[in-house]
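Quick note on numbering: full-length UniProt numbering labels position 383 of the sequence shown as 383, and the sequence is numbered without any gaps. Ideal placement from N, C-alpha and C gives every residue a C-beta, glycine not left out. These notes are about the structure you will find just below.
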Amino acid sequence: MIPYGKQDIQQQDIDAVVDVLQSDFLTQGPKVPAFEQAVANHVGAEYALAVNSATSALHIACLALELGPGDVLWTTPVTFVASANCGLYCGADVDFVDIDPNTYNISVEALKAKLQQAAARDCLPKMLVVVHLCGQPCEMAAIKALADQYGIKVIEDASHAIGGKYRGEYIGNGQYSDITVFSFHPVKIITTAEGGMALTNSKALAEKMDLLRSHGITRDPDKMTHESHGPWYYQQVDLGFNYRMTELQAALGLSQLKRLDEYVAKRHELAATYNELLKTLPVTTPFQHPDSYSGLHLYVIRIQRDKIERSHREVFDSLRAQGIGVNLHYIPVHTQPYYQNLGFVAEDFPNAMAYYQEAISLPMYPNLTDDEQRKVVSALNEAMSV
Numbered sequence: 001m002i003p004y005g006k007q008d009i010q011q012q013d014i015d016a017v018v019d020v021l022q023s024d025f026l027t028q029g030p031k032v033p034a035f036e037q038a039v040a041n042h043v044g045a046e047y048a049l050a051v052n053s054a055t056s057a058l059h060i061a062c063l064a065l066e067l068g069p070g071d072v073l074w075t076t077p078v079t080f081v082a083s084a085n086c087g088l089y090c091g092a093d094v095d096f097v098d099i100d101p102n103t104y105n106i107s108v109e110a111l112k113a114k115l116q117q118a119a120a121r122d123c124l125p126k127m128l129v130v131v132h133l134c135g136q137p138c139e140m141a142a143i144k145a146l147a148d149q150y151g152i153k154v155i156e157d158a159s160h161a162i163g164g165k166y167r168g169e170y171i172g173n174g175q176y177s178d179i180t181v182f183s184f185h186p187v188k189i190i191t192t193a194e195g196g197m198a199l200t201n202s203k204a205l206a207e208k209m210d211l212l213r214s215h216g217i218t219r220d221p222d223k224m225t226h227e228s229h230g231p232w233y234y235q236q237v238d239l240g241f242n243y244r245m246t247e248l249q250a251a252l253g254l255s256q257l258k259r260l261d262e263y264v265a266k267r268h269e270l271a272a273t274y275n276e277l278l279k280t281l282p283v284t285t286p287f288q289h290p291d292s293y294s295g296l297h298l299y300v301i302r303i304q305r306d307k308i309e310r311s312h313r314e315v316f317d318s319l320r321a322q323g324i325g326v327n328l329h330y331i332p333v334h335t336q337p338y339y340q341n342l343g344f345v346a347e348d349f350p351n352a353m354a355y356y357q358e359a360i361s362l363p364m365y366p367n368l369t370d371d372e373q374r375k376v377v378s379a380l381n382e383a384m385s386v
């Protein structure tokens, strides 16, 4: 089976983890801050907070921005559920903005129209979570302009997009948002096995997220309510969580980060090969916005169903039967039973549903070979033939 995604673990990664295993620290040692600083330096952010998952990063980002009961968070329906769930964790309500039919990211036009309607009804969201789907950055300049106009906080869910660029600058630099979140899950562009990171240019937000990721506990006398009892002393000054990243994970991340740009460049080579191999087949290949340099975490095609006699499901099943581990990213969040119980219906976001009925994620990872790509395309050709 050729998987849709796969980590690349090299000897230098293994050596980095073994070094930590033989050191004095397995957690809360020097590797985590070193990894944070390295990522911050790479993307051009002031502060970076490593955590145990991107979901945790989204949660503490929302809390740091003071999302809570009575507030509303908007995001895209075409994303992993965590992009929406983070709002519910905070007691806020969640709503969605339909996608752009070309980029599959949140539609700026739909966002503009929905904000105008919400302003007229005096029910604007407090927060917008934009998702750089597949690694392609959203239209952040236009989104920031709208956010500034309506007084909305912005989180970039860049779980797919580390190494990607918007208008020539790395995603994560904080120019267009309050906080950016990265994921280091094994199928992502670089991995820490599990893990995530929140980046910001705000010292206050960084300090708040730092507190929240470790039980709300501080050892800083300046943050305590009264004088320390001694060198052993700490205080819980907020209700936080055990969201810390381990030294093992950070060591792996530091090693992987050295190959980040190489990995993204290789993904662009693979995408160019796919584009060429697929140009005669009845599929829509990924659109790349001229302002973006995608991280290309995923390579999603859309089946042109009006040009073939097989259904989307039949094409998908045929590919799996032929040993091609395709996937579908994502089932629109508003169609999940939990969200249906909140009152959402499938027809609320027609572009998202049209995407879902046609999308297939083809294998995309740095070690994918030319022969494997040709096998994928040959299998797709057969899958679409009667």
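Quick one: what's LEU128 bridged to in DSSP? For LEU128, which the question treats as bridged, DSSP gives the partners TRP74, VAL154.
On the DSSP letters alone, give me the boundaries of the alpha helix (DSSP H) that ARG374 sits inside. DSSP places ARG374 in the uninterrupted alpha helix (DSSP H) bounded by 370-384.
Going by other Cβ atoms of all chains shown within 10 Å of its Cβ, with 16 needed for buried, is LYS126 buried or exposed? LYS126 is buried by the Cβ-count criterion.
Expected contact under 8 Å - CB spacing of GLU169 and VAL130 to nearest Å: Rounded to whole angstroms, the Cβ separation of GLU169 and VAL130 is 16 Å, and the two are not in contact under 8 Å.
Please name the residue or residues paired with ARG302 in a DSSP beta bridge. For ARG302, which the question treats as bridged, DSSP gives the partners THR284, ALA359.
Check this for me: beta carbons of THR285 and ILE301, under 8 Å apart or not? Against a cut-off of 8 Å, the Cβ pair of ILE301 and THR285 comes out as a contact.
For LEU326, three-class secondary structure by DSSP: The question names Leu, but residue 326 is Val in the sequence shown. The three-state reading of DSSP puts VAL326 in coil, since its state is none of H, G, I, E or B.
Which stretch, first to last residue, makes up the beta strand (DSSP E) that contains ILE197? The amino acid occupying residue 197 in the given sequence is Met; Ile does not appear at that position. Taken as a continuous stretch (DSSP letters only), the beta strand (DSSP E) holding MET197 covers 196-200.
Label ASN173 either buried or exposed according to how many other C-beta atoms from any shown protein chain fall within 10 Å of its C-beta, with 16 as the threshold for buried. Within a 10 Å sphere around the beta-carbon of ASN173 sit 16 or more other beta-carbons, which makes this residue buried.
Can you tell me the Cα-Cα spacing of ALA82 and THR75, whole angstroms? The alpha-carbon of ALA82 is positioned some 10 Å away from that of THR75.
Keeping to the same chain, check which residues put their C-beta closer than 7 Å to that of ASP238; ignore five residues upstream and five downstream. Within the same chain, and ignoring the five residues on either side of ASP238 in sequence, the residues whose Cβ sits closer than 7 Å to its Cβ are LEU211, LEU212, GLY216.
Tell me which residues share the same chain as LYS144 and place their Cβ nearer than 6 Å to its Cβ, disregarding the 5 neighbours each side in the sequence. Leaving aside the five residues that flank LYS144 on each side, the residues in its chain whose CB is nearer than 6 Å to its CB run, in chain order, TYR176.
Round the Cβ separation of residue 429 and MET224 to the nearest angstrom and send it over; I've been treating them as touching at under 8 Å. Examination of residue 429 is not possible in this model, given that the chain is present from 1 through 386 alone.
With 16 as the cutoff for other CB atoms within 10 Å, does GLU139 come out buried or exposed? By the 10 Å Cβ count, GLU139 comes out buried.
With a CB to CB cut of under 8 Å and the five nearest residues on each side skipped, what residues in its chain are close to VAL51? Exclusion of the five residues before and after VAL51 leaves ALA57, ILE60, GLY195, GLY196, MET197, ALA198, ARG213, TYR243, ARG244, MET245 as the residues of its chain whose Cβ lies within less than 8 Å of its Cβ.
Please list the terminal residues of the continuous beta strand (DSSP E) segment that includes TYR47. Note, TYR47: beta strand (DSSP E), 47-51.
Between the region 250-260 and the region 15-32, do three or more beta carbon pairs fall short of 8 Å? Contact between the region 250-260 and the region 15-32 is present: three or more C-beta pairs spanning the two stretches fall below 8 Å.
With 16 other CB atoms within 10 Å as the buried threshold, where does MET1 fall? With fewer than 16 Cβ atoms within 10 Å of its Cβ, MET1 is classed as exposed.
In three-state terms, what does DSSP make of residue 420? It is not possible to answer for residue 420, since the shown part of the chain is limited to 1 through 386.
Per-residue DSSP class, three states only, for GLN235: In this structure, GLN235 counts as strand in the three-state DSSP scheme.
Any idea what DSSP makes of THR192, helix, strand or coil? THR192 falls in the coil class under three-state DSSP.
Three-state class that DSSP yields for GLU169 in the structure shown: Three-state DSSP puts GLU169 in a strand.
Decide if VAL345 is buried, meaning its Cβ has at least 16 other Cβ atoms within 10 Å, or exposed. Classification for VAL345: exposed.
Express the C-alpha separation of SER318 and PRO363 in angstroms, rounding to a whole number. Counting only the Cα atoms, SER318 lies some 15 Å from PRO363.
Between which two residues does the beta strand (DSSP E) carrying ILE14 extend? Looking at the DSSP string, ILE14 is not in any beta strand (DSSP E); the run it does join, the alpha helix (DSSP H), is 11-21.
What is the rounded straight-line gap between the Cα of HIS160 and the Cα of THR79? Whole-angstrom Cα-Cα distance: 10 Å.
Following the continuous alpha helix (DSSP H) through VAL345, name the residue where it begins and the one where it ends. From DSSP, VAL345 is part of no alpha helix (DSSP H); its letter is neither H nor E.
Using the rule of at least 16 other Cβ atoms within 10 Å of the residue's Cβ for burial, across every protein chain shown, is GLN28 buried or exposed? Note on GLN28: under 16 other CB atoms within 10 angstroms of its CB, so exposed under the neighbour-count rule.
With DSSP as the reference, label PHE25 as helix, strand or coil. In the three-state reduction of the DSSP assignment, PHE25 falls in the coil class.
So what's GLY339 in DSSP terms, helix, strand or just coil? For the record, residue 339 in the displayed sequence is Tyr; it is not Gly. In the structure shown, TYR339 adopts helical secondary structure according to DSSP, grouped into three states.
Residue ranges of each alpha helix (DSSP H) within the region 87-134, 4 or longer: 108-120, all fully within the region 87-134.
According to DSSP, PHE182 sits in a beta bridge with which residue or residues? Under DSSP, the beta-bridge partners assigned to PHE182 are MET197.
Under a Cβ-count criterion, where at least 16 other Cβ atoms within 10 Å of its own Cβ denotes burial, should TYR233 be classed as buried or exposed? Burial is judged here by how many other beta carbons sit within 10 angstroms of a residue's own beta carbon; TYR233 has fewer than 16 and is exposed.
Residue range of the alpha helix (DSSP H) that ASP210 falls in? That run of the alpha helix (DSSP H) goes 203-212.
Can you tell me which of the three DSSP states SER228 falls into? Looking at SER228 - three-state DSSP - the assignment turns out to be coil, as it is neither helix nor strand.
Return the CA-CA distance between ASP8 and LEU270, expressed in angstroms with no decimal places. Take the alpha-carbon of ASP8 and the one of LEU270: they are about 15 Å apart.
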